[in-house]
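Number of protein chains: 2
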Amino acid sequence: MTGVNGDLTRLSLNQETIKQWSLPELAEGCVKAGVPGVGLWRAPVQEYGVEAAARLIRHAGLTVTSLCRGGFFTAIDPAERAAALADNRAAIDEAATLGTDTLILVSGGLPPGSRDLFAARERIADALAELAPYAADRGVRLAIEPLHPMYASDRCVVSTLAQALDLAERFPAEQVGVVVDTYHLWWDDTVSTQITRAGAGGRLASFQLADWITPLPEGVLLGRGQLGEGSVDFRWFRERVDATGFTGPIEVEIFNPALWARDGAEVLAEVADRYRTLVL
Amino acid sequence: MTGVNGDLTRLSLNQETIKQWSLPELAEGCVKAGVPGVGLWRAPVQEYGVEAAARLIRHAGLTVTSLCRGGFFTAIDPAERAAALADNRAAIDEAATLGTDTLILVSGGLPPGSRDLFAARERIADALAELAPYAADRGVRLAIEPLHPMYASDRCVVSTLAQALDLAERFPAEQVGVVVDTYHLWWDDTVSTQITRAGAGGRLASFQLADWITPLPEGVLLGRGQLGEGSVDFRWFRERVDATGFTGPIEVEIFNPALWARDGAEVLAEVADRYRTLVL
């Protein structure tokens, strides 16, 4: 279907978007809908079995475009840091088994009682230095995801694409890249410049879509919008990403209980439709 | 008390922090606590009567450090825009009557159906061009407040201090300044540079404090923390602001129902205590 206007060649469904689906339902649903890629999460993959999940997706003819997620690198306590590094090595192994070259990183927030964002970001760099070669040896690239600033204290002190690139650029481009997720970055007037910077440096590891809708729910985790329901200009983003020469997958990752309460196939058809009309 | 370590000379209480207080209670409470400044809001001032409020605060010997708020400049509809400009002229008149030189602006979010942040920011500039001379004639400076990016769609498309300065710098410094509010800006690794820029240009119109705490409540409006309860390093901010030569008021503005449920004098004593130990 490559090159056909309105095709789904680059579309990937992140499994959290339709988390009511089991992995076999996900594989079958994507094949039926003509969606060639899936983004996976560690917990459901581990529950199903990593090898078995890899076989399932491969036999369905689908591509695993990313694995979510490694990260949480900001602990100060040495035992906690060692545990985080070990867990990230396991995540890298899982990514390799699944055949994806991209491990998404949610880098971690401020440790309890700490107010030092700068030091937290340096601890992320330290962890990347330990993990990046290990990942590269297994054909996996670490992808730093800047999260919306509203997550800075409890999830990720990397809040902008510029910060993510500042970190990534300390390492070889084939080892550490960045994620452009519209939900996190749509508000930033420097994002176009930073997308260009990411593309020029070969750092663009993943492109994810969700819409920004309000009011935000308590805890602000599960309030992402279906494409077209909110404030994001998806075509604007896609054109800027493509202008860098990026031809990789475009992954739809929406966390919203309203989508989880619906029929999965219906949600995926809606995603594909919005993708065709709003993204391409 | 000027110059005495631990003094409250620069402290201002934004009235929303203790909104359970009437204006007379606010005036009396601040005098008793030795807090010399108050930040006021239009609605309670209008309810009390603008002239009467001005007299009350003046007779108490207090300074009105700011009036909240003008703004909401992003409407496209000509009638809505005209109404917003008229309302802002009224806000400027009220600020002048109250004897404050600072009108805080919450610039406005995206109009319904719009996804164009750039155009919205240009409409803010257009409104500033109309209002700034009117305000200057009345001794009032417009103070653009960058709001946290989580408010970009529905309250304020100006999300960073850099954006606020980009807008302000199109106008004379004595007409348009910016607000540094720790709640909105604490996460930004460019904020120190931008505070320096603001100070160098004479743009620093207001310095406000609230702490960042999680989980955020539904709607994310009323989840600000008492100083010391969250992630903000207040001394770091105050030192950077002071390093620019700023000697103006330091206003505590916290929106939190837990504070509103308590005895106002107790809350103010706590604010003053936290101010002494965490800010000075």
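Chains A and B supply the protein sequences, listed in that same order. Each residue of the first sequence is one higher than the one before, starting from -4 at the first, in this note's numbering. Each residue of the second sequence is one higher than the one before, starting from -4 at the first, in this note's numbering. The beta-carbon is built from N, C-alpha and C at its ideal position, and this holds for glycine as well.
Of the residues the options, the one placed nearest residue i, counting alpha carbons only
i	options	result
residue 210 of chain A	A:203, A:219 and A:202	A:219
residue 166 of chain A	A:104, A:68, A:122 and A:7	A:122
residue 109 of chain B	A:12, A:228, A:10 and A:266	A:228
residue 107 of chain A	B:141, B:66, B:63 and B:226	B:226
residue 142 of chain B	B:119, B:100, B:114 and B:115	B:100
residue 13 of chain B	B:88, B:247 and B:216	B:247
residue 149 of chain B	B:214, B:186 and B:185	B:214
residue 265 of chain A	A:187, A:25, A:124 and A:238	A:25
residue 54 of chain B	B:75, B:23, B:41 and B:62	B:23
residue 118 of chain B	B:208, B:88 and B:151	B:151
residue 102 of chain B	B:90, B:250 and B:116	B:116
residue 207 of chain A	A:223, A:61 and A:192	A:223
residue 205 of chain A	A:19, A:270, A:155 and A:259	A:270
residue 164 of chain B	B:113, B:212, B:41 and B:124	B:124
residue 113 of chain B	B:86, B:79, B:154 and B:88	B:154
residue 238 of chain A	A:120, A:251, A:192 and A:77	A:192
residue 133 of chain A	A:175, A:87, A:174 and A:120	A:87
Nonlocal neighbours in the same chain, by C-beta distance under 8 Å from residue i, ignoring five residues either side
i	result
residue 84 of chain B	126 and 129
residue 131 of chain B	167, 169 and 170
residue 136 of chain B	96, 97, 98, 130, 169, 170, 171, 172 and 200
residue 212 of chain B	218
residue 111 of chain B	105
CB contact below 8 Å: residue i versus chain D
i	result
residue 222 of chain B	No chain D is part of this structure, whose protein chains are labelled A and B.
Exposed unless 16 or more other CB atoms sit within 10 angstroms - verdict on residue i
i	result
residue 73 of chain B	exposed
residue 15 of chain A	exposed
residue 45 of chain A	buried
residue 65 of chain A	buried
residue 0 of chain B	In this prediction, residue 0 of chain B has a pLDDT of 47, which is less than 50 and means its spatial position is unreliable; what the coordinates show is noted afterwards. By the neighbour-count rule (16 or more Cβ atoms within 10 Å), residue 0 of chain B is not buried but exposed.
residue 10 of chain B	buried
residue 139 of chain B	buried
residue 257 of chain A	exposed
residue 230 of chain B	exposed
residue 38 of chain A	exposed
residue 282 of chain B	As shown, chain B starts at -4 and ends at 275. That puts residue 282 of chain B outside it, with no answer to give.
residue 244 of chain A	buried
residue 242 of chain B	exposed
residue 41 of chain A	exposed
residue 81 of chain B	exposed
residue 104 of chain B	buried
residue 147 of chain A	buried
residue 78 of chain A	exposed
Cβ shell of residue i (< 7 Å), same chain only, five flanking positions each side left out
i	result
residue 59 of chain A	33, 35, 52, 93, 94 and 95
residue -2 of chain B	The pLDDT assigned to residue -2 of chain B is 43, lower than 50, so where the model puts this residue is not dependable; a value taken from the coordinates is nonetheless given after this. Nothing meets the Cβ criterion.
residue 272 of chain B	none
residue 49 of chain A	92, 93 and 94
residue 267 of chain B	3, 6, 28 and 30
residue 240 of chain A	194
residue 20 of chain A	259
residue 276 of chain A	With chain A represented from -4 up to 275, any question about residue 276 of chain A goes unanswered, as that position is not in the structure.
Chain-order list of residues whose beta-carbon lies under 6 Å from that of residue i (same chain, five-residue window excluded)
i	result
residue 232 of chain B	177
residue 254 of chain A	262
residue 17 of chain B	none
residue 145 of chain B	215
residue 63 of chain B	36 and 99
residue 90 of chain B	62, 98 and 135
residue 235 of chain B	187 and 190
residue 274 of chain B	229 and 233
residue 43 of chain A	18
residue 185 of chain A	none
residue 76 of chain A	70
The ligand ATP heavy atom lying under 7 Å from the CB of residue i
i	result
residue 128 of chain A	Among the ligands in the structure shown, none appear at all, so the ligand ATP cannot be discussed.
Problem set entry | Segment contact flag, the stretch 187 to 205 of chain B with the stretch 158 to 166 of chain B, C-beta cutoff 8 Å, min 3 pairs | yes
Exercise. Using a beta-carbon distance cut-off of less than 8 Å, what residues from the stretch 112 to 139 of chain A approach chain B?
Worked result: 112, 113 and 116
Exercise. Closer than 7 Å, Cβ to any Cβ of chain A: which residues of the stretch 196 to 218 of chain B, in chain order?
Worked result: 207, 209, 210, 211, 212, 213, 214 and 215
Exercise. What residues from the stretch 140 to 158 of chain B come within 7 Å of chain A, judged by C-beta to C-beta, listed N to C?
Worked result: 143, 144, 145, 147, 148, 149, 154 and 158
Exercise. The stretch 227 to 246 of chain B: which residues have C-beta closer than 7 Å to a C-beta of chain A, in chain order?
Worked result: 227 and 228
Exercise. Any chance the stretch 62 to 70 of chain A sits against the stretch 21 to 31 of chain A, with 3 or more Cβ pairs inside 8 Å?
Worked result: no
Problem set entry | Selection of the stretch 75 to 107 of chain A by Cβ proximity to chain B, strictly under 7 Å | 105
Exercise. What residues in the stretch 167 to 182 of chain B bring their beta carbon closer than 7 Å to a beta carbon of chain A?
Worked result: 182
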